[in-house]
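Residue numbers (the working numbering): 380 to 595.
C-beta: ideal position from N, C-alpha, C; glycine also.
Shown next, in structure tokens, is the structure this report addresses.
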Ligand SMILES: [Zn+2]
């Protein structure tokens, strides 16, 4: 049986919509079912739980497209994180999606220049080669309510998005990721990167990436 078919089967069992996509409704239904099973049979549930592999779960289209731009070694970390983050966002009635991943050095330079025109807002503080997005190990997340992008919504929607980001960020470290919200000088709440031991790319990172296409 293919994985989408398996997810449909689980969705059928849980009474969720059978679309084969592991989204917030399915995540919430799974959490609820596990919670109920734990209440009913706390001892047996520990030994009989079969772990679900985040490597094969099909996320929403935008997250999948973003994941595909990342380093193959970074993808399992972000997949594991998304599983936990989507389940967490579901408890707020929202979805958590990866909306931006790899940017080439030229694209980064263009973004950097855009924020430095006299009247433009600052889009990024990093020029090409100075953001881990340029090394395929960073992704930006967005909070969605249906199709509505909460981060770009009304002040009330942005406040809710902030709550969801804060809750989801709690899972980052366990997945080997670092959230930009923890940066004291320039906090970047939706930003996640593989924790390589330093916050910004070094000259060695730039040399390695240009030589091998990966710093992992
Ligand atoms: Zn970012």
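### When 587, 566, 382 are compared against residue 578, the one with the closest alpha-carbon
Sequence index remark: in the chain shown, residue 578 carries index 199 (1-based). Distance from the Cα of residue 578 is smallest, within the candidate group 587, 566, 382, for 566.
### Query
Okay, do the segment 461-472 and the segment 545-552 touch, 3+ Cβ pairs below 8 Å being the bar?
The segment 461-472, when compared against the segment 545-552, does touch it at the 8 Å Cβ threshold.
### Query
Leaving out five residues before and five after residue 397 in sequence, what residues of the same chain have Cβ atoms less than 8 Å from its Cβ?
What you label residue 397 is simply residue 18 of the chain shown in a count that begins at 1. Around residue 397: 387, 390, 391.
#### Entry: Cβ neighbours of residue 585 in the same chain (closer than 6 Å, five flanking residues each side left out)
Position 206 of the chain shown, counting from 1, holds the residue named residue 585. Around residue 585: 508.
### Query
Within the chosen definition, does the segment 503-521 reach the segment 476-483 through at least 3 CB pairs nearer than 8 Å?
Touching, per the Cβ criterion.
### Message
Using a Cβ-Cβ cutoff of less than 8 Å, which residues in the same chain neighbour residue 383 once the five nearest sequence positions on both sides are dropped?
### Response
By one-based count along the chain shown, residue 383 stands at place 4. Taking C-beta separations shorter than 8 Å and ignoring five residues to either side along the sequence, the partners of residue 383 in its chain run 399, 400, 437, following chain order.
### Message
Measuring straight from C-alpha to C-alpha, what distance separates residue 558 and residue 486?
### Response
As a working mapping, residue 558 is identified with position 179 in the chain shown. As a working mapping, residue 486 is identified with position 107 in the chain shown. Near 22 Å, if we compare the C-alpha coordinates of residue 486 and residue 558.
### Message
With DSSP as the reference, identify every bridge partner of residue 577, one or two as the case may be.
### Response
The residue you call residue 577 lines up with position 198 of the chain shown. Beta-bridge pairing links residue 577 to no other residue.
### Query
Of the choices 587, 556, 581, whose alpha-carbon is the least far from that of residue 573?
Looking up residue 573 in the chain shown gives position 194. Per the Cα distances, 556.
### Query
If you check the beta carbons only, do residue 442 and residue 473 fall under 8 Å apart?
Here residue 442 is taken as the residue at index 63 of the chain shown, counted from 1. Here residue 473 is taken as the residue at index 94 of the chain shown, counted from 1. No, the Cβ-Cβ distance between residue 442 and residue 473 is not below 8 Å.
### Query
When DSSP labels each residue in this structure, what does residue 405 get in the three-state scheme?
What you label residue 405 is simply residue 26 of the chain shown in a count that begins at 1. Correct three-state label for residue 405: helix.
### Query
Terminal residues of the continuous beta strand (DSSP E) containing residue 519?
Residue numbering aside, residue 519 sits at position 140 when the chain shown is read from its first letter. Counting along the chain, the beta strand (DSSP E) containing residue 519 begins and ends at 517-524.
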